[in-house]
Each structure stands twice: as C-alpha cells, then as structure tokens.
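Note that the sequence shown covers residues 12 to 574 in my numbering.
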Amino acid sequence: MNIIFNKIYIFDILTKKAFVTCFEKGLNIITSSNIDGTDRGKSVLLRSLYHTLGADAHFDKKWKNEDKVYLLEFSVDNKKYFIYRHKKVFKVFDDAVQILFQTSTRTELSEFLSEIWSFEIFLPNRNTEKLEIAPPAYTYVMNFIDQDYYDGTNFNSFKSLGQYQNFKPDVIYAQFGIYDKNYFERVKSKQNLLERINDSERAYKKANEMKEKVSKLLGNLVVPENLQELEKELSIRTKEYNDILNSMNEFRYKLTNLRNEKYELEIALNQIERFKNNKEKEIKSILKTDICPECHSVLKDTTDLRSKRYNSIEDSLYISDSIYEDIEKISKVILKIESSYREFSNRLESYKKNINSAQKEIKNYTSYIGLNELYNSLNLELFSELQLQEELKDRIENIEEELKKVSEIKANINKKYYEMVDSQVLRFGLDELEESQYKAINRVFCASGSNKPISTVIWYFILNNLKTCFNKKSLKLPMVLDSPKNAEMDYDKEQALIEYILENSSNYTQLIFSSIGFERTKFIFEGETKIIELKNDKYQLLNSETFKEYEDILENVLSAQLI
C-alpha cells in the first residue's frame with residue numbers, strides 16, 4: 012500500500028495562528044533563503060508529519076506543542092483520510108471530514124491504523140515479554156530522520172522509543188515482511204504452548220511432591236497394583252532421566268556457541284589493537300617526516316591529518332572497551348552454565364540408580380503385594396501430565412520448523428545488506444567504517460564528523476531498498492528527511508549528499524526533503540519536483556491570516572466526537 016501526505020494544517024489555538032501547505036507525489040523540497048534561511052520552520056514542518064500520525068517528535072522548547080492542533084490529510088492507495096492530533100488525543104476522519112475513530116492511547120491508534128493500511132508491528136513487552144502491538148512510531152522509524160539525530164544506524168528521531176528493548180532488528184524484519192502476521196501468530200502460539208507446558212510442569216511437580224510424602228508415610232513400601240502401574244513408574248523415572256540428559260546436551264551446545272563467540276570477540280579485540288597500533292605508528296611517522304601516509308606528499312601542516320588518526324584511535328578504544336565488556340559477560344555466562352552442567356551430571360547418576368531399582372522391581376513383581384490408591388492415582392496424574400507435555404512439545408517442534416525458514420531468509424537479507432552498504436562505503440570514501448560493523452543489520456556503525464550524515468542517510472535508504480526488494484507488498488510510507496545540522500560538512504559533501512538523495516528519490520512514492528538555499532538548476536534530476544519555499548520571519552511559521560482562512564475546519568475537527 013502507498014501512503015501519501017497531501018496536506019498539513021498546524022494551528023496554535025492560543026495565539027490564533029496557523030500554517031497550511033500541500034505536498035505532491037514524488038519529490039518535495041522544503042527550502043528557504045541561502046543567505047538568511049535558518050529558523051524559518053522547516054524542521055517544525057517536517058517533524059509535524061509523523062508526529063500527527065502518532066509518533067512523538069523532538070520539538071524545540073520554543074515550539075509550544077501543547078497549544079498546537081495538527082491535522083494531516085493523507086491517502087492510502089488513493090483513499091483519503093484526515094488525522095487530528097492535540098496533545099495525546101487522536102481523531103481519524105474520512106474524506107468528507109466525518110469522524111471515524113477517536114482515542115487517547117497509542118495502542119488503540121495502532122490497531123485502527125493497521126486496519127487502514129494492513130500492517131502492524133508486534134514487540135515483546137519489557138516486563139511480561141508477551142507480544143503486543145507496538146505504538147505507531149515503530150512503524151515510521153525507517154522513514155524519518157530529524158536534523159539533530161543523524162546518528163548512523165540508530166533510530167533516535169522520535170522520543171520514547173526505549174519502551175521496548177533491542178527493538179531495532181524486530182522492527183526492520185517486520186518491515187521486510189519476514190516478521191509478518193503469520194510469523195507473529197506462530198510466535199504467539201509457541202508462547203502459549205510454552206505457558207501450558209510450564210503449567211503442566213508445575214502440576215507435575217506438586218503431584219510428585221505429594222507422591223513422595225505418601226511414600227514416606229507408608230515407609231516406602233508403596234507398590235503398584237499390577238505390572239502396568241509398575242511400568243508407568245519406570246516410564247516416569249525414565250522420562251525424568253531423559254529430560255536431564257537433554258538439558259545437559261543443551262548446556263553443551265550453549266557452551267560451544269559461547270566459547271566460539273568469546274573466541275571471535277577476542278580475535279576482534281586483537282584486530283582493533285593492531286588497528287590502533289597502526290594509527291599510532293602513522294602519527295609518529297607524520298610527526299617525524301611531515302609526509303602524508305596516503306598520498307606520500309610533504310605537508311606543511313599535519314594537524315588535521317593527525318587529528319583524524321587520533322579520532323580513529325579514540326573510536327577504536329571505545330569499540331575495544333565494548334568488546335571487552337561483552338567478553339566479560341560471556342565468561343560469566345560460561346561459568347554459570349558449567350556449574351549447572353555439573354549439577355545436572357550429579358542428578359543424572361542418581362536417576363540411573365532409580366531406573367535400575369525400578370527395573371529390579373519389575374523382575375520381582377510377584378513378590379509385591381498391596382495397593383495404595385492415592386499413590387497410584389498420583390502416578391496416573393504424573394503420567395497424564397507427561398503425555399500432555401510431549402504432545403505440546405511436538406506442536407512446538409512443528410512451529411519451530413516454520414520459524415527456521417525465517418532464519419534462512421534473514422541470512423539472504425544480511426548478505427544483500429552487506430553488499431549494498433559496502434558499495435556505498437566505497438562510493439563516499441567512508442574508510443573509517445570497518446567491514447565487521449556492517450556485516451549484519453543488527454550491528455551498529457556511524458561515521459564521524461562530516462561523514463556522519465552521509466552514513467546515516469545511506470543506511471536509511473538501504474533499509475528501504477531492501478524492504479522493497481524482499482517485501483513487494485510492503486507498506487510504502489513517505490520518506491521524510493530533515494537537512495542535517497553539521498558544522499563540519501563542507502559544500503562539496505553537502506552537494507554530494509543532496510545528489511544521492513535526489514538520485515534515490517524515485518525509489519519512493521513520496522520523498523520530502525528540506526535544504527537551505529536549494530536551487531533546482533544545480534542538480535541533474537529527472538522528474539517533477541515540488542519546491543516549498545518558506546519566506547516567513549524567523550520563528551514565525553504560523554500566521555493569523557492562515558488561521559482565519561482555515562478556522563472553520565479547525566472548529567469542525569475540534570468539536571467532532573464519536574457518538
């Protein structure tokens with residue numbers, strides 16, 4: 012489905028001022044004078060778009076957000092809607108501005124919007140770990156970059172995203188169509204089955220405790236009434252023995268993976284140390300010879316060259332500390348698992364003796380007499396719980412087979428992701444980025460200085476290109492880019508970044524981009540471009556005349572209530 016922003020209304024109900032502008036399909040440029048064009052409201056305008064749809068934008072303190080009413084006209088596959096926002100209240104209207112929905116909770120808003128555009132994202136609750144529909148902001152994170160949050164591979168352009176831990180890969184794979192509704196239903200089903208297994212295991216534990224108490228009260232002379240009961244007893248003991256054996260196998264598997272991971276981290280740590288040493292050698296060589304190690308020319312001033320290498324060394328120390336922390340964490344987990352493994356090994360020997368004892372009882376069955384109804388009824392209960400657990404585990408195993416297919420698709424995505432990032436690293440000369448930093452989507456990278464906005468934009472664009480590639484039926488949202496504030500970015504790099512954005516704009520049904528002093532004639536670009544130039548005074552985006560012109564629609568949406 013294609014989402015298009017048609018028109019944005021921003022009202023200040025206290026000062027009685029407003030701003031209204033329209034957007035077109037394709038490329039939209041928000042600009043202002045190259046001489047004195049700052050603080051005209053470009054960022055406010057762009058932040059307002061997804062803010063109106065339910066995300067929380069980072070507005071400046073001067074922008075009194077509590078006094079603002081936002082109304083966004085948007086289309087979903089040519090079907091028009093209006094969405095209203097004032098503080099935490101949301102209303103959705105049809106194309107005739109008749110109210111369809113109203114809420115003050117993001118969850119309800121997500122549910123309603125998901126019905127409109129047939130897409131939702133589920134994330135695990137931080138406290139309960141149960142999957143729940145995520146607020147709207149998580150749907151938009153790949154499609155908006157705030158000018159103050161060009162942070163590489165981090166989604167920071169909206170506030171309050173810390174509601175979910177490590178949400179980035181889940182959100183990305185949901186956008187790629189891998190974590191679709193069927194996937195989430197399988198995960199939920201698996202979660203429910205695991206809860207039922209836990210309930211059964213608790214019931215089993217209680218029944219077993221009661222059985223042991225009865226056995227002690229009767230002097231451990233309780234025996235089954237017949238051979239079938241005795242075989243059930245043996246089956247229970249054997250099942251418990253196998254469970255311990257399976258747990259030990261899992262521990263061994265975890266230990267192998269953890270030790271391999273620790274070894275890889277230690278290798279990475281060593282590589283970073285070699286990188287740092289190399290940069291230090293380069294600095295010493297520069298100080299000694301004044302010769303550039305890259306072009307081998309003699310430099311009059313090596314301050315900038317040495318500064319870049321000092322920055323690289325500082326970055327490598329930061330990464331080294333992070334890897335060292337990971338190694339320490341893994342070492343602690345390894346010790347913990349090794350301890351558990353030894354404990355289970357001791358229990359395994361004990362259960363071997365119990366099984367041997369039960370087998371002897373079967374041989375001597377004719378010598379056993381007596382019956383304890385309670386004991387046998389508890390045995391029956393234990394046996395039933397074991398059967399239930401096996402049935403539930405079989406169902407989980409079937410679900411896991413389906414989930415394994417997801418892992419294969421993710422591997423293909425990460426391979427393509429690496430190739431695409433690597434090509435842009437070469438194109439823009441982002442030599443400071445190591446290959447290991449972009450081997451997989453869940454890893455983090457960010458160039459420094461003037462390259463920081465470039466590395467951020469290429470990452471967002473690559474994610475959206477991958478989404479189109481792997482999810483043909485994906486939800487296509489407008490790409491909104493607020494021009495970066497970066498004092499270190501020179502004119503050439505700024506122009507190169509704008510050219511890259513224009514070059515990729517055809518990949519989006521709608522792209523809205525802001526840039527001071529944008530001149531259409533300076534760029535070779537095929538396609539229609541709507542240029543919105545803001546000529547208002549500084550900090551005066553809204554005005555009284557526009558408020559009067561659109562006051563009727565404001566009163567209409569303010570007073571609208573669901574019956």
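Where a beta carbon is used, it is the ideal one built from N, C-alpha and C, also for glycine.
Could you check how far apart the C-beta atoms of residue i and residue j are, in whole angstroms? I think they sit under 8 angstroms.
| i | j | result |
| --- | --- | --- |
| Asp162 | Cys480 | Not really, about 25 angstroms apart at Cβ, beyond 8 angstroms. |
| Trp9 | Thr164 | The shown model of the chain, from 12 to 574, leaves out residue 9, and the question about it has no answer. |
| Leu60 | Phe16 | 6 angstroms |
Residue i by DSSP, collapsed to three states: which one?
| i | result |
| --- | --- |
| Cys303 | coil |
| Gln572 | coil |
| Ile527 | coil |
| Val31 | strand |
| Tyr149 | helix |
| Gln398 | helix |
| Met221 | helix |
| Ala458 | coil |
| Glu143 | strand |
| Glu40 | In the sequence on display, residue 40 carries Ile and not Glu. The answer is strand: DSSP assigns Ile40 an E or B state. |
| Ile535 | coil |
| Ala68 | strand |
| Gln551 | coil |
| Leu492 | strand |
| Asn45 | coil |
| Glu560 | helix |
| Asn17 | strand |
Quick one: Cα of residue i to Cα of residue j, how far?
| i | j | result |
| --- | --- | --- |
| Asp301 | Asn288 | 19 angstroms |
| Ser121 | Ser323 | 43 angstroms |
| Ser395 | Lys243 | 10 angstroms |
| Lys102 | Leu111 | 8 angstroms |
| Asp191 | Ala185 | 6 angstroms |
| Ser258 | Val344 | 16 angstroms |
| Ser378 | Arg213 | Any reading at Ser378 must be qualified, since the residue scores a pLDDT of 39, below 50, and its modelled position is unreliable; the value itself is stated next. Rounded to whole angstroms, Ser378 to Arg213 spans 35 angstroms at the Cα level. |
| Phe30 | Tyr20 | 6 angstroms |
| Lys79 | Leu38 | 27 angstroms |
| Asp157 | Thr139 | 32 angstroms |
| Phe85 | Ile94 | 8 angstroms |
| Lys224 | Phe355 | 24 angstroms |
| His307 | Tyr321 | 19 angstroms |
| Gly173 | Thr467 | 20 angstroms |
| Glu293 | Asn515 | 38 angstroms |
| Tyr561 | Asn76 | 19 angstroms |
| Glu510 | Arg270 | 46 angstroms |
| Leu569 | Asp159 | 32 angstroms |
| Ile334 | Glu275 | 10 angstroms |
| Glu206 | Ile144 | 20 angstroms |
| Asn375 | Glu277 | The predicted position of Asn375 is uncertain, since its pLDDT is 44 and thus under 50; no value can be drawn from it. |
| Leu232 | Asn260 | For Leu232, the predicted structure reports a pLDDT of 47, less than 50, and the residue's modelled location is therefore unreliable. The matter cannot be settled from this model. |
| Glu336 | Thr267 | 20 angstroms |
| Ser296 | Ala279 | 26 angstroms |
Between residue i and residue j, is the Cβ-Cβ spacing less than 7 angstroms?
| i | j | result |
| --- | --- | --- |
| Asp67 | Ser171 | yes |
| Arg358 | Ile247 | no |
| Pro147 | Leu64 | yes |
| Ser211 | Gln400 | yes |
| Asp493 | Ser525 | yes |
| Phe133 | Phe195 | yes |
| Tyr175 | Phe262 | no |
| Val436 | Leu444 | yes |
| Lys222 | Leu486 | no |
| Ile542 | Ile189 | no |
| Ser43 | Ile527 | yes |
| Val55 | Leu552 | yes |
| Lys1 | Phe534 | An answer regarding residue 1 cannot be provided, because it is not within the stretch 12 to 574 covered by the chain. |
| Asn518 | Pro180 | no |
| Asn423 | Phe187 | no |
Output the boundary residues of the alpha helix (DSSP H) element that contains residue i.
| i | result |
| --- | --- |
| Asn475 | 463-481 |
| Leu60 | 53-63 |
| Leu111 | Taken as a continuous stretch (DSSP letters only), Leu111 belongs to no alpha helix (DSSP H), being part of the beta strand (DSSP E) at 110-114. |
| Leu120 | 117-128 |
List the endpoints of the continuous beta strand (DSSP E) containing residue i.
| i | result |
| --- | --- |
| Lys4 | Because the chain spans 12 through 574 in this model, residue 4 falls outside it and cannot be assessed. |
| His97 | 90-97 |
| Ile24 | Run containing Ile24: none; DSSP gives neither H nor E here. |
| Asn515 | Per DSSP, Asn515 belongs to no beta strand (DSSP E); it is in the alpha helix (DSSP H), 502-515. |
| Tyr81 | 79-87 |
| Val103 | 100-104 |
| Gln176 | Per DSSP, Gln176 belongs to no beta strand (DSSP E) and is neither H nor E. |
| Phe187 | Segment: none, Phe187 is in no beta strand (DSSP E) and carries neither H nor E. |
| Ile543 | 540-544 |
| Leu134 | 133-135 |
Report yes if the C-beta of residue i is less than 6 angstroms from at least one heavy atom of the ligand PLP; otherwise report no.
| i | result |
| --- | --- |
| Ile40 | Of the ligands one can find in the structure shown there are none, so the ligand PLP has no counterpart to examine. |
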